[in-house]
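Presented below is the structure to which this report refers.
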Amino acid sequence: MVFVMLMDLPAAVFLVSLIFGQHLTCERWCPSLWVDKLCVDQTSDTTKQRGIAGLPTVVACTGTLLVLWDATYFERLWCNLELSVFVKCCGVKRLRFVPLWLTPWLLGTMCITYLEARLQSLALIYDPSLGTDSIVESDTSELQTSAWGWQHVLTFLAETQVFTVSYLPVIIFSIVTFHQKLDGHKLMLEHLKTYDIREAKCSVESDRPLIEGLVAELFDGLEDPVIAVPLDAGDFVTEASLHRLGLAFAVFVNLEEADQQLPEAGLSSPARLAIRSVAGLGHQDCLQFFNDYVRGPVRDAIINDLGSERKAPELPEVTRSIFLGLSCPPFCSASPMVGLPSSPTKRLSALIGEL
Numbered sequence: 067m068v069f070v071m072l073m074d075l076p077a078a079v080f081l082v083s084l085i086f087g088q089h090l091t092c093e094r095w096c097p098s099l100w101v102d103k104l105c106v107d108q109t110s111d112t113t114k115q116r117g118i119a120g121l122p123t124v125v126a127c128t129g130t131l132l133v134l135w136d137a138t139y140f141e142r143l144w145c146n147l148e149l150s151v152f153v154k155c156c157g158v159k160r161l162r163f164v165p166l167w168l169t170p171w172l173l174g175t176m177c178i179t180y181l182e183a184r185l186q187s188l189a190l191i192y193d194p195s196l197g198t199d200s201i202v203e204s205d206t207s208e209l210q211t212s213a214w215g216w217q218h219v220l221t222f223l224a225e226t227q228v229f230t231v232s233y234l235p236v237i238i239f240s241i242v243t244f245h246q247k248l249d250g251h252k253l254m255l256e257h258l259k260t261y262d263i264r265e266a267k268c269s270v271e272s273d274r275p276l277i278e279g280l281v282a283e284l285f286d287g288l289e290d291p292v293i294a295v296p297l298d299a300g301d302f303v304t305e306a307s308l309h310r311l312g313l314a315f316a317v318f319v320n321l322e323e324a325d326q327q328l329p330e331a332g333l334s335s336p337a338r339l340a341i342r343s344v345a346g347l348g349h350q351d352c353l354q355f356f357n358d359y360v361r362g363p364v365r366d367a368i369i370n371d372l373g374s375e376r377k378a379p380e381l382p383e384v385t386r387s388i389f390l391g392l393s394c395p396p397f398c399s400a401s402p403m404v405g406l407p408s409s410p411t412k413r414l415s416a417l418i419g420e421l
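Under my numbering, think of the first position of the sequence shown as 67, with each following residue one higher.
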């Protein structure tokens with residue numbers, strides 16, 4: 067009964083919450099999801115084009131962007147457009163990258179670990195004295211401390227071969243999946259390190275200039291926050307001339323009469339191209355700015371969230387200690403059956419030691 071309460075019941079609660087959690091809360095505490103592939107009509111070309119045209123607006127109003135990454139994600143140009151709109155409007159703090167291999171690997175590891183612990187518990191239920199008879203009966207007075215320790219280990223290994231059987235599924239699963247996990251994570255970080263939007267594919271090639279143009283407008287830097295220009299050019303720069311250029315940012319000019327902040331104005335496409343030409347900023351340069359942003363801040367945020375290919379996050383190890391702690395009371399409860407002392411103090415010390 068102890069194993070059922072401390073092993074089976076928590077595992078069942080986790081699986082039910084994972085699969086049916088959104089229904090258990092009556093959809094009150096669940097986030098609203100907008101999936102581009104499902105929410106854009108795929109049956110009508112007219113409504114599909116309208117949905118695609120509204121993608122930047124929807125993404126800009128999104129609270130969190132969840133990217134289900136696979137090896138082909140950065141090859142889709144529309145996905146790159148969504149990413150560029152979100153990071154420009156919201157930054158990287160609310161960007162969540164979830165590789166498609168992560169969930170199956172994590173759930174598989176949890177299930178196979180539970181199977182291992184359950185097999186061990188069944189062995190103890192069948193024979194509570196498993197691995198302890200010879201240890202209890204051994205005469206330690208004739209043995210040195212080190213010799214008794216080695217005898218303890220060898221006796222345990224000899225009498226607990228059933229535990230070895232329970233470890234085999236975990237060992238096989240780990241050998242197969244852990245290498246795949248490392249390779250998948252390394253591949254994702256390499257794609258981010260060598261990211262280039264110009265290598266992305268577009269199903270309708272005629273859409274490429276439009277999409278790349280939108281990304282270039284986002285990262286040409288012309289609509290960044292207030293820029294202070296310490297110029298004393300009252301004879302050459304006037305408020306009217308700046309409005310004719312259609313600047314979208316405020317410029318502070320030290321005019322002869324008084325300093326004043328110019329109001330913001332919409333930046334038209336011809337004006338944007340004119341400013342780029344004056345600044346020596348080409349279309350490819352703007353795309354390169356986005357490439358550098360993905361290779362830099364975006365990649366750093368993902369490493370901070372998921373870790374590098376050679377560094378595992380600490381949270382799984384912390385939660386693992388909780389399960390080890392929960393496994394202490396059942397094994398301690400079996401102590402009186404084999405003549406070993408058992409007390410609340412011993413159980414508490416074992417629990418604290420595992421945690």
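All C-beta atoms in this analysis are idealised placements derived from N, C-alpha and C, irrespective of residue type, glycine included.
* To do: For the alpha helix (DSSP H) containing Phe-163, list its first residue and its last residue.
  => No alpha helix (DSSP H) holds Phe-163; the beta strand (DSSP E) holding it covers 161 to 165.
* Using the Cα positions of Ser-269 and Asp-102, report the straight-line distance between them to the nearest angstrom. => Distance between the alpha carbons of Ser-269 and Asp-102 is about 16 Å.
* Asked: Are the beta-carbon atoms of Leu-166 and Asp-136 separated by less than 8 Å?
  -> Pairing Leu-166 with Asp-136 gives a Cβ-Cβ distance under 8 Å.
* In the DSSP assignment, what residue or residues form a beta bridge with Lys-267? -> Answer is Arg-142.
* Name the two residues that bound the continuous alpha helix (DSSP H) containing Leu-168. => Its alpha helix (DSSP H) spans residues 168 to 192.
* To do: Answer with buried or exposed for Glu-182, where buried requires no fewer than 16 other C-beta atoms within 10 angstroms of its C-beta.
  => Result: buried.
* **Own chain partners of Pro-363 with C-beta closer than 7 Å, once the 5 adjacent residues on each side are dropped** => If we look at Pro-363 and ignore the five residues flanking it on each side, its Cβ neighbours are Val-158.
* Asked: Leu-99 by DSSP, collapsed to three states: which one?
  -> Coil at Leu-99, not helix or strand.
* Rank Gln-246, Val-153, Asp-351 by C-alpha distance to the C-alpha of Thr-175 and give the top, closest one. => Closest by alpha carbon: Gln-246.
* By Cβ distance below 6 Å, which residues in the same chain neighbour Asn-146 in space, the five residues on each side in sequence not counted? -> Result list for Asn-146: Ile-263, Ala-266, in chain order.
* **Three-pair Cβ contact test at 8 Å for the segment 253 to 261 versus the segment 124 to 142** => These segments touch.
* Asked: First and last residue of the beta strand (DSSP E) that includes Leu-131?
  -> Unbroken beta strand (DSSP E) run through Leu-131: 131 to 135.
* **Residue from Leu-172, Gly-129, Trp-144 with nearest C-alpha to Gly-117** => When each option's Cα is compared against that of Gly-117, the closest is Trp-144.
* To do: Report the three-state DSSP secondary structure of Gly-348 (helix, strand or coil).
  => It is coil, neither helix nor strand.
* Alpha-carbon to alpha-carbon, Phe-285 and Gly-279 -> When only Cα atoms are considered, Gly-279 and Phe-285 end up about 10 Å apart.
* Asked: Would DSSP call Arg-116 helix, strand or coil?
  -> DSSP places Arg-116 in helix when its eight states are reduced to three.
* Asked: What first and last residue would you give for the alpha helix (DSSP H) that runs through Arg-361?
  -> Segment: none, Arg-361 is in no alpha helix (DSSP H) and carries neither H nor E.
* Asked: Would the beta-carbon of Trp-100 fall within 8 Å of that of Thr-128?
  -> Yes. Within cutoff.
* Nearest-angstrom Cβ-Cβ length linking Val-164 and Leu-134, presumed shorter than 8 Å -> The Cβ separation is near 6 Å, so the contact holds.
* DSSP on Val-273, reduced to helix/strand/coil? -> In the sequence under discussion, the amino acid at residue 273 is Asp, which differs from the Val named in the question. Note: Asp-273 maps to helix in three-state DSSP.
* Reference Leu-121; option with closest CA among Arg-94, Val-151, Pro-97 -> Here the closest residue by C-alpha is Val-151.
* Would you tell me roughly how many angstroms separate the C-alpha atoms of Val-106 and Gln-115, rounded to the nearest one? => Cα-Cα distance, rounded: 9 Å.
* **Endpoints, the alpha helix (DSSP H) within which Phe-80 is located** => Counting along the chain, Phe-80 sits inside the alpha helix (DSSP H) bounded by residues 75 to 90.
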